[in-house]
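Protein chains in written order, with our numbering: chain A, 2 to 533; chain B, 2 to 320.
Heads up, the beta-carbon is just placed ideally off N, CA and C, and yes, glycines get one too.
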Amino acid sequence: MLDFPRWKVWGIILVLAVGVFLALPSLMPESTARGLGLGGMPRINLGLDLSGGSHLKLEADTADLAKQNLAKMEDTIRTEMRRGDTKIGIGDISTANGRISFFVRDIAQLDAAVERARQQTSAVGVTGQRDWNVAVVDSTRIVMTQTQAGLDDAVDKAMQTATEVVRKRIDELGTREPTIVREGKDRILVQVPGLADPAGLKALLGKTAKLEFKLVDLTADPAAVAANRAPPGSQIVPYPGNPGGAPLIAVQRRVIISGDDLIDAQVANDQNQQSVVSIKFNSEGGRKFARVTQENTGKPFAMILDGSVLSAPNINEPILGGNAQISGNFTVDSANQLAIALRSGKLPVALKVIEERTVGAQLGADSIHAGVVASIIASVAVIVFMLVTYGRFGVYANLAVVLNIFIILAVMAILNATLTLPGIAGFVLTIGTAVDANVLINERIREERRRGRNVVQSVELGYKEASRTIFEANTVHAISGLIMLGLGSGPVKGFAVVLLIGICTSVFTAVLFTRMLVALWLRKARPTEITI
Amino acid sequence: MRLLKLVPDNTNIGFVRLRHWAFGLTILLTVAAAALVGLRGLNLGVDFVGGVMIEAHFKQPPVLDQLRGEVDRVGVGEAALQQFGAADTVSIRLPMPTSADEGATNKIVRAVEDDLAKRYPGVSFNRAETVSGKVSGELIRNGMLAVFLAVFGIALFSWFRYEWQFGVSTFVAIAHDLLVTLGFFALTQLEFDLNIVAAVLTIIGYSINDKIVIDDRIRENMRKYRQMDMRALIDLSVNETLPRTVMTSVTILLALGAMLIFGGPVLRGFTAAMMLGVVVGTYSSIYVSSSLLISLGLKPQPFAAAPKKGPASRAERIS
Numbered sequence: 002m003l004d005f006p007r008w009k010v011w012g013i014i015l016v017l018a019v020g021v022f023l024a025l026p027s028l029m030p031e032s033t034a035r036g037l038g039l040g041g042m043p044r045i046n047l048g049l050d051l052s053g054g055s056h057l058k059l060e061a062d063t064a065d066l067a068k069q070n071l072a073k074m075e076d077t078i079r080t081e082m083r084r085g086d087t088k089i090g091i092g093d094i095s096t097a098n099g100r101i102s103f104f105v106r107d108i109a110q111l112d113a114a115v116e117r118a119r120q121q122t123s124a125v126g127v128t129g130q131r132d133w134n135v136a137v138v139d140s141t142r143i144v145m146t147q148t149q150a151g152l153d154d155a156v157d158k159a160m161q162t163a164t165e166v167v168r169k170r171i172d173e174l175g176t177r178e179p180t181i182v183r184e185g186k187d188r189i190l191v192q193v194p195g196l197a198d199p200a201g202l203k204a205l206l207g208k209t210a211k212l213e214f215k216l217v218d219l220t221a222d223p224a225a226v227a228a229n230r231a232p233p234g235s236q237i238v239p240y241p242g243n244p245g246g247a248p249l250i251a252v253q254r255r256v257i258i259s260g261d262d263l264i265d266a267q268v269a270n271d272q273n274q275q276s277v278v279s280i281k282f283n284s285e286g287g288r289k290f291a292r293v294t295q296e297n298t299g300k301p302f303a304m305i306l307d308g309s310v311l312s313a314p315n316i317n318e319p320i321l322g323g324n325a326q327i328s329g330n331f332t333v334d335s336a337n338q339l340a341i342a343l344r345s346g347k348l349p350v351a352l353k354v355i356e357e358r359t360v361g362a363q364l365g366a367d368s369i370h371a372g373v374v375a376s377i378i379a380s381v382a383v384i385v386f387m388l389v390t391y392g393r394f395g396v397y398a399n400l401a402v403v404l405n406i407f408i409i410l411a412v413m414a415i416l417n418a419t420l421t422l423p424g425i426a427g428f429v430l431t432i433g434t435a436v437d438a439n440v441l442i443n444e445r446i447r448e449e450r451r452r453g454r455n456v457v458q459s460v461e462l463g464y465k466e467a468s469r470t471i472f473e474a475n476t477v478h479a480i481s482g483l484i485m486l487g488l489g490s491g492p493v494k495g496f497a498v499v500l501l502i503g504i505c506t507s508v509f510t511a512v513l514f515t516r517m518l519v520a521l522w523l524r525k526a527r528p529t530e531i532t533i
Numbered sequence: 002m003r004l005l006k007l008v009p010d011n012t013n014i015g016f017v018r019l020r021h022w023a024f025g026l027t028i029l030l031t032v033a034a035a036a037l038v039g040l041r042g043l044n045l046g047v048d049f050v051g052g053v054m055i056e057a058h059f060k061q062p063p064v065l066d067q068l069r070g071e072v073d074r075v076g077v078g079e080a081a082l083q084q085f086g087a088a089d090t091v092s093i094r095l096p097m098p099t100s101a102d103e104g105a106t107n108k109i110v111r112a113v114e115d116d117l118a119k120r121y122p123g124v125s126f127n128r129a130e131t132v133s134g135k136v137s138g139e140l141i142r143n144g145m146l147a148v149f150l151a152v153f154g155i156a157l158f159s160w161f162r163y164e165w166q167f168g169v170s171t172f173v174a175i176a177h178d179l180l181v182t183l184g185f186f187a188l189t190q191l192e193f194d195l196n197i198v199a200a201v202l203t204i205i206g207y208s209i210n211d212k213i214v215i216d217d218r219i220r221e222n223m224r225k226y227r228q229m230d231m232r233a234l235i236d237l238s239v240n241e242t243l244p245r246t247v248m249t250s251v252t253i254l255l256a257l258g259a260m261l262i263f264g265g266p267v268l269r270g271f272t273a274a275m276m277l278g279v280v281v282g283t284y285s286s287i288y289v290s291s292s293l294l295i296s297l298g299l300k301p302q303p304f305a306a307a308p309k310k311g312p313a314s315r316a317e318r319i320s
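Spelled out as structure tokens, the structure:
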């Protein structure tokens with residue numbers, strides 16, 4: 002017990018010193034830390050409940066994605082079967098119930114048709130599964146079904162892109178340190194500190210920003226359009242701001258140019274001082290646009306955003322430079338939003354807000370103030386109480402508790418963990434249980450003294466017997482902590498992080514560190530009686 | 002300097018003797034708590050039922066009934082109002098709009114905030130939360146799963162580490178702590194949200210901490226005093242650990258008390274639950290779990306080698 006080698010003493014002191022040093026930046030305002038040259042050191046993040054801001058959880062519309070895939074595959078099949086030297090005649094193509102089904106006119110071509118359809122599928126994952134199943138039914142009909150693996154793969158890819166797009170859009174807003182993480186299969190968590198009004202953010206993220214330019218179908222009969230019936234090769238799309246009155250308009254199915262060919266989008270003013278979005282196409286897109294506008298001068302074309310027409314101006318002259326202007330009753334804000342959305346690319350899948358939490362900065366500040374005050378008062382109460390109960394051993398325990406707080410802060414800063422309000426409560430509980438470890442040890446020493454053992458023996462037995470109990474209790478605590486970390490979300494997780502870190506650090510400070518202090522004192526003073 | 006001792010030396014309380022009374026009280030408490038939860042129900046927050054929550058801070062405490070009528074007239078569904086910490090802070094809960102429209106919840110929040118801002122100049126809005134039904138379902142499922150797994154994990158640990166009786170008694174004691182805590186929330190109608198689930202898990206952790214300390218001492222004494230009667234042994238173990246139990250409970254209650262008074266309204270329900278949990282958990286470790294070991298038939302020497310056959314060994318066991 003008394004035998005505490007020098008290297009161990011210095012090792013413990015070194016760990017504690019590093020811990021305190023690493024905790025310092027988190028304890029001072031950011032500007033002070035930078036002023037002292039500690040700006041680059043890790044700091045604890047404050048959760049949104051402490052700093053104020055918005056928390057949004059977005060979920061991808063996977064059903065819509067499946068529908069998109071189906072439509073795309075239908076298109077591919079139509080073109081592929083017509084391609085090459087031998088055209089394969091197909092008919093009666095339908096996409097009901099998430100399947101594509103069509104029949105082959107010439108039975109002799111059935112095998113070739115299956116082969117061509119198979120070529121359009123691709124392998125997903127490591128098992129070599131295909132993303133589509135191709136099957137023949139009734140000996141003339143081919144049915145293609147998207148497999149679960151294929152759908153999962155599509156969702157995964159779409160989510161990767163979507164996360165990137167969301168990141169770009171939020172970065173454009175110029176907010177400070179947003180967190181954008183993909184969660185699970187089809188969700189994205191967005192946290193923006195300091196943003197108290199999430200309506201604009203939601204509007205921005207809710208836009209798919211799928212932009213298409215299509216020619217207006219002038220042959221369509223207005224009565225048929227009003228009844229939602231389109232001529233062949235055309236489709237009816239909503240046109241909410243139509244100056245002509247009707248909220249619907251017929252446009253050709255063929256896309257002149259889409260947002261995929263876009264390289265820049267900026268807010269500008271037109272000749273009437275109206276806000277417009279000026280866009281720039283890449284060279285290929287510019288060429289396409291030039292050709293179509295040359296051929297259709299004098300006719301109107303529709304600018305379609307997310308399936309609804311913004312405006313349908315006439316082509317006054319061929320647009321050759323690869324630049325265009327999108328008009329449509331914008332305010333400066335809405336034009337800016339659209340420009341950001343277009344610049345950052347279109348979302349491959351629609352995102353829906355399923356959870357939203359906003360904390361005002363004032364409440365956040367009040368909470369952290371209350372939390373800090375409560376922590377200080379709690380610590381002082383515990384420290385005084387330990388002191389009057391255990392005297393010198395209480396001082397050691399208190400030193401351990403204070404150092405423990407520093408080390409928890411340091412570990413959290415290194416792990417880049419987030420401190421939330423429940424996390425502060427976890428802190429208080431950790432202080433409580435860390436004290437418990439020393440209470441166990443000290444009570445045990447009292448007991449052994451009462452049984453008549455000498456000072457050194459009592460201390461030694463006290464630490465030995467109590468350490469076993471502390472280990473058991475901490476294991477159990479860790480079990481519940483790990484379960485919370487694994488299953489909990491938000492506040493539960495924040496709490497568990499602090500608890501788990503506290504369990505590890507409190508064993509170090511409450512058992513090892515105090516034992517060192519006691520050993521050093523016993524060795525120096527050689528007391529024959531101790532007050533405990 | 003004379004040091005403070007909360008429990009005098011050589012305290013010897015006959016806890017085991019009181020166990021039938023304690024069991025009666027425990028059953029009564031548990032049944033009452035279960036009935037409360039069943040009859041009154043818990044005041045579940047938006048985390049668990051979905052919907053919209055707006056926290057408004059008024060210049061003067063508003064009249065709740067009047068405010069409820071005003072919010073209802075905005076026409077966004079039936080409002081549930083609750084004072085939050087202070088009289089001038091009110092949490093307004095509204096059902097999730099049935100329309101699938103993206104901006105529907107935005108509109109609700111906007112409409113209520115605009116209306117209140119007109120009627121109560123100087124009102125400020127601290128928080129707004131929206132949780133869809135799908136997410137709230139997941140949250141409640143994960144929350145319950147976390148609690149159940151934690152309880153079972155801990156009981157299993159006690160079983161493997163000690164004897165099966167310890168596992169069972171621990172399980173019973175924790176189930177009691179859990180139910181009484183839920184009963185407290187049903188009684189006070191404090192809002193039950195995700196933060197509270199964290200608190201409940203902490204109660205389990207704390208309560209189990211107590212039980213492990215006492216169980217560990219029982220096991221130690223079972224090895225030390227192989228001939229001792231089980232009742233006397235458990236009384237001895239509980240009494241020996243009593244100073245520690247009281248000391249730790251008091252320190253944690255001190256810390257939590259500070260949180261309750263100075264920690265602000267957001268943490269109030271959370272801290273109240275934990276304080277209650279400490280009291281209930283301490284009670285159940287002293288009176289329920291250790292005494293239950295006797296009823297479960299824990300024998301004095303489960304850790305010793307199997308007794309040799311023969312009259313001598315039998316005589317020893319009978320004594």
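Beta carbon of Thr220 (chain A) nearer than 8 Å to that of Pro239 (chain A): Cβ atoms of Thr220 (chain A) and Pro239 (chain A): not closer than 8 Å.
Cβ neighbour criterion (16 or more within 10 Å) applied to Thr419 (chain A): With 16 or more Cβ atoms within 10 Å of its Cβ, Thr419 (chain A) is classed as buried.
Nonlocal neighbours in the same chain, by C-beta distance under 8 Å from Ala88 (chain B), ignoring five residues either side: In the same chain as Ala88 (chain B), and ignoring 5 residues on each side of it, the C-beta atoms closer than 8 Å to its own belong to Pro62, in chain order.
Ala247 (chain A) versus Val191 (chain A): straight-line alpha-carbon distance, rounded: If I take the Cα positions, the gap works out to 39 Å.
Residue-level contact to chain A via CB, Ile213 (chain B), 8 Å cutoff: Cβ-Cβ to chain A under 8 Å: yes for Ile213 (chain B).
Residues that Ala382 (chain A) contacts on chain B, provided the C-beta gap is smaller than 9 Å: Under the 9 Å cutoff, chain B gives Thr252, Leu255, Ala256, Gly258 and Ala259.
Sufficient close CB pairs (3 or more, under 8 Å) joining the segment 26-45 of chain A to the segment 59-67 of chain A: Taking 8 Å as the limit for Cβ pairs, the verdict is that the segment 59-67 of chain A does not touch the segment 26-45 of chain A.
Those residues which DSSP pairs with Asp265 (chain A) across a bridge: Paired residue(s): A:Lys281.
Amino acids of chain B, ordered along the chain, whose beta-carbon sits closer than 8 Å to that of Arg117 (chain A): Going along chain B, no residue has its Cβ under 8 Å from Arg117 (chain A), so there is no contact; the nearest lies around 39 Å.
Distance, Pro30 (chain A) Cα to Asp157 (chain A) Cα: Straight-line measurement puts the Cα of Pro30 (chain A) at about 40 Å from the Cα of Asp157 (chain A).
Nonlocal neighbours in the same chain, by C-beta distance under 6 Å from Asn538 (chain A), ignoring five residues either side: The structure shown does not extend to residue 538 (chain A), since chain A is modelled only from 2 through 533, so no value can be given for it.
8 Å Cβ cutoff, Phe331 (chain A) in contact with chain B: Chain B, which has no Cβ nearer than 8 Å to the Cβ of Phe331 (chain A), makes this no.
Continuous beta strand (DSSP E) stretch holding Asn127 (chain B): start and end: Asn127 (chain B) -> beta strand (DSSP E) spans Ser125 to Val132.
Contacting residues, own chain, Cβ-Cβ under 7 Å from Thr470 (chain A) (five flanking each side not counted): Shown here for Thr470 (chain A): same chain residues with a beta carbon closer than 7 Å to its own, the five before and five after excluded, namely Leu441 in chain order.
Counterpart residues of Ile55 (chain B) in DSSP-defined beta bridges: Ile55 (chain B) pairs with B:Ile93 and B:Ala129.
Met145 (chain A), enclosing beta strand (DSSP E) - first and last residue: Run containing Met145 (chain A): Arg142 to Gln147, per the beta strand (DSSP E) assignment.
Backbone CA spacing between Arg269 (chain B) and Leu261 (chain B) [nearest angstrom]: If you take the alpha carbons of Arg269 (chain B) and Leu261 (chain B), they lie about 6 Å apart.
Own chain, CB closer than 7 Å to Thr176 (chain A), minus 5 neighbours either side, in chain order: So the qualifying residues of the chain are Val193, Gly195 and Leu196.
Buried versus exposed, by CB contacts within 10 Å (16 or more), Trp8 (chain A): Trp8 (chain A) is exposed by the Cβ-count criterion.
Beta-carbon proximity check, Val53 (chain B) vs Val110 (chain B), cutoff 8 Å: Yes; because the gap between Cβ atoms is below 8 Å, this pair is in contact.
Min CB distance Phe85 (chain B) to chain A below 8 Å: Residue contact check for Phe85 (chain B) against chain A: no CB pair falls below 8 Å.
Closest Cα partner of Val445 (chain A) within the set B:Leu293, B:Ser296, B:Pro244 and B:Ala274: As written in the sequence, residue 445 (chain A) is Arg, which differs from the Val given in the question. By alpha-carbon distance to Arg445 (chain A), the top candidate from B:Leu293, B:Ser296, B:Pro244 and B:Ala274 is B:Pro244.
Straight-line gap, Ala340 (chain A) to Lys208 (chain A) (C-alpha atoms, nearest Å): Approximately 11 Å between the Cα atoms of the pair.
Counted within 10 angstroms of its Cβ, other Cβ atoms place Tyr226 (chain B) as buried (16 or more) or exposed: By the neighbour-count rule (16 or more Cβ atoms within 10 Å), Tyr226 (chain B) is not buried but exposed.
Proximity below 8 Å, CB of Ala24 (chain A) to CB of Ala414 (chain A): Contact annotation: Ala24 (chain A) and Ala414 (chain A) have beta-carbon atoms nearer than 8 Å.
Cβ separation of Ala273 (chain B) and Ala379 (chain A), assumed to be a contact under 8 Å, to the nearest whole Å: At roughly 15 Å, the Cβ-Cβ gap does not stay under 8 Å, so Ala273 (chain B) and Ala379 (chain A) are not in contact.
Among A:Lys211, A:Gly503, A:Met485 and A:Gly322, the one whose alpha carbon lies nearest that of Val402 (chain A): Looking at the Cα atoms, A:Gly503 is the closest of the given residues.
Where the beta strand (DSSP E) through Ile287 (chain B) begins and ends: Here Ile287 (chain B) belongs to no beta strand (DSSP E), and DSSP marks it neither H nor E.
Ser481 (chain A) at chain B interface by Cβ criterion, 8 Å: Against chain B, the CB of Ser481 (chain A) has a partner CB under 8 Å away; the residue lies at that interface.
Closest Cα partner of Ser125 (chain B) within the set A:Leu404, A:Tyr391, A:Gly322 and A:Gln363: Proximity to Ser125 (chain B) across A:Leu404, A:Tyr391, A:Gly322 and A:Gln363 peaks at A:Gln363, based on C-alpha coordinates.
Buried versus exposed call for Pro9 (chain B) [16 or more other C-beta atoms within 10 Å across all chains shown]: It is exposed - the Cβ of Pro9 (chain B) has fewer than 16 other Cβ atoms within 10 Å.
Proximal residues, the segment 485-503 of chain A versus chain B, C-beta separation under 7 Å: Against chain B - using a Cβ distance shorter than 7 Å - the residues of the segment 485-503 of chain A are Met485, Leu488, Gly489, Ser490, Gly491, Pro492, Val493 and Phe496.
Cut-off 7 Å between Cβ atoms - residues of its own chain near Asn127 (chain B), not counting five sequence neighbours on either side: The residues are Glu56 and His58.
Classification of Gly482 (chain A) by the beta-carbon crowding that lies within 10 angstroms, buried from 16 upward: Per the 10 Å Cβ criterion, buried.
Any chain A beta carbon closer than 8 Å to Leu13 (chain B): Strictly speaking, residue 13 (chain B) in this sequence is Asn, with Leu absent from that position. No, its Cβ sits nowhere closer than 8 Å to a Cβ of chain A.
Any non-hydrogen atom of the ligand COA within 7 Å of Glu71 (chain B) CB: The model depicted lacks the ligand COA and carries no ligand whatsoever.
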